[in-house]
Each structure stands twice: as C-alpha cells, then as structure tokens.
Amino acid sequence: MVQAEREALRQELAGADNKVSQQAVLARAGDLLREAVADRLAPHWYGTPWDFNGTTETPGEGAIACGYFVTTLLRDAGVKLERVRLAQQASERIILALVDRTAVKRFSDAPIARFVTAVEDWGPGLYIVGLDCHVGFIVHDGREIRFLHASYVPPSCAVSEPALTSPVLAASRYRVLGKLTGHKPLLEAWLQGE
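So our numbering is basically just the index in the sequence shown, starting at one, shifted up by 826.
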C-alpha cells in the first residue's frame, strides 16, 4: 500500500512545475512516511521484547535492540539503508546518515518540557531522537508528541508513550533530534526508491 502511494507521489513530484507545487508534494510525502512508520508499521512491534543484542526482523518474535527497531522500521517503510551497519552506530551517527546538519537540533541538560516544546515548535513530522545511550522515534502528528522505541526499562519492550512522561526520554542529559520528514533530500530519495 505505501509503495503505491509513494509511486503516485513520485509521479506527482516529477510533474510539479514550480517550487510551491514541489513543496506541497514533499509535505504530503513527509506525512506518508510518518504515517507509514508510526501508524502502519510500529504498532505491530509493540510488545516485542527489548534486548541489547536483539536483531529480530519479525514483530513479536525474538527480541529487538533500540537501533534495530529504528532501522528496521525505516527499511520496512521503504527508506534505503544498511539496517545492520546503521543499527550498530551511535544514535547521532544514525541521524546524520539520514539527514544533514540543517535538519538536526541538539539539547544538553534541557528539561523534558523544554525539549517537547521545541518539538512542538519545529512542527509535525517523524524524527529520530538520539539519547545518551539510546535511540528511537519522536512522532508529532499535530495533536500529540510520542516517543516510539524499544525500551530498556520496564516493560522492556517496544512501546509508544507520551514524550513528556517518558522516563527514558526525561532521564537523558543529551538529546539530538533529526527531522526526517523535514529533509528534502531524504524525502526525494524515498520517493525515488533510492
């Protein structure tokens, strides 16, 4: 289903004859990528056990580590990446492998409320957030901001939780945030299947 929608947007982008039309198509592509990861794929993973060495590719079977959770969902949404190599990188490297520095913000010792407000201000979209020793997705759908991740704290499984009350997100002293859906080169490559 996502592939057909992606192809339709790819064709629409190819036919867009001005910058405004192109930006509108890319905005819809960003919405589709967010929806694909957060609404279509991630729910199948909720409850899959977390393990530091977890590498499963099948929701509900085996265990999954945080980096593999992120790279597997992106791969399954159609983002071209090296799942294993990227999953084993530090969180900031994962982010910078997908977007350039213009789509990245860093927060050091920021209270969780200030971090969530910054996400609200940056706008709806799909983000990767890198923490002191963890990685996951931030999803801002225009109504709420959630943290999707393979949690190493109880319930020790893949979860979706409000960002503002996530103990893992709140405890991290360092947060690096990369906005996938606000990055034109990533969205164009995704539409092209590259």
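Just so you know, even glycine gets a beta-carbon here, dropped at the ideal spot from N, CA and C.
Same chain, Cβ closer than 7 Å to residue i, five either side skipped, listed in chain order
i: residue 996; result: 938
i: residue 838; result: 851
i: residue 929; result: 1004, 1005, 1008 and 1009
i: residue 992; result: 973
i: residue 842; result: 848 and 851
C-alpha gap between residue i and residue j, whole angstroms
i: residue 941; j: residue 1000; result: 10 Å
i: residue 949; j: residue 998; result: 22 Å
i: residue 882; j: residue 888; result: 6 Å
i: residue 903; j: residue 885; result: 14 Å
i: residue 932; j: residue 829; result: 33 Å
i: residue 974; j: residue 962; result: 6 Å
i: residue 847; j: residue 913; result: 35 Å
i: residue 988; j: residue 964; result: 10 Å
i: residue 925; j: residue 1012; result: 7 Å
i: residue 871; j: residue 986; result: 10 Å
i: residue 910; j: residue 894; result: 7 Å
i: residue 977; j: residue 853; result: 30 Å
i: residue 901; j: residue 980; result: 27 Å
Residues of its chain near residue i, where Cβ-Cβ distance is below 6 Å and the 5 sequence neighbours each way are ignored
i: residue 934; result: 1000
i: residue 811; result: Only positions 827 to 1020 of the chain appear in this structure, which leaves residue 811 out of reach.
i: residue 877; result: 889
i: residue 855; result: 835, 1013 and 1017
One or two residues paired with residue i in a DSSP bridge
i: residue 975; result: 985
i: residue 952; result: 965
i: residue 999; result: According to DSSP, residue 999 bridges with nothing at all.
i: residue 932; result: 1002
Nearest-angstrom Cβ-Cβ length linking residue i and residue j, presumed shorter than 8 Å
i: residue 1016; j: residue 896; result: About 15 Å; that fails the 8 Å criterion.
i: residue 874; j: residue 983; result: 6 Å
i: residue 960; j: residue 1002; result: The Cβ separation is near 11 Å, so there is no contact.
i: residue 946; j: residue 971; result: 7 Å
Spatial neighbours of residue i in its chain, beta-carbon cut-off 8 Å, leaving aside the 5 residues before and after
i: residue 1026; result: Any question about residue 1026 goes unanswered here, given that the chain covers just 827 to 1020.
Practice task
Starting from the N-terminal side, write out each stretch of the alpha helix (DSSP H) that is 4 residues or longer and does not extend beyond the region 832 to 917.
Solution key: 845 to 861, 868 to 871, 892 to 902 and 909 to 913
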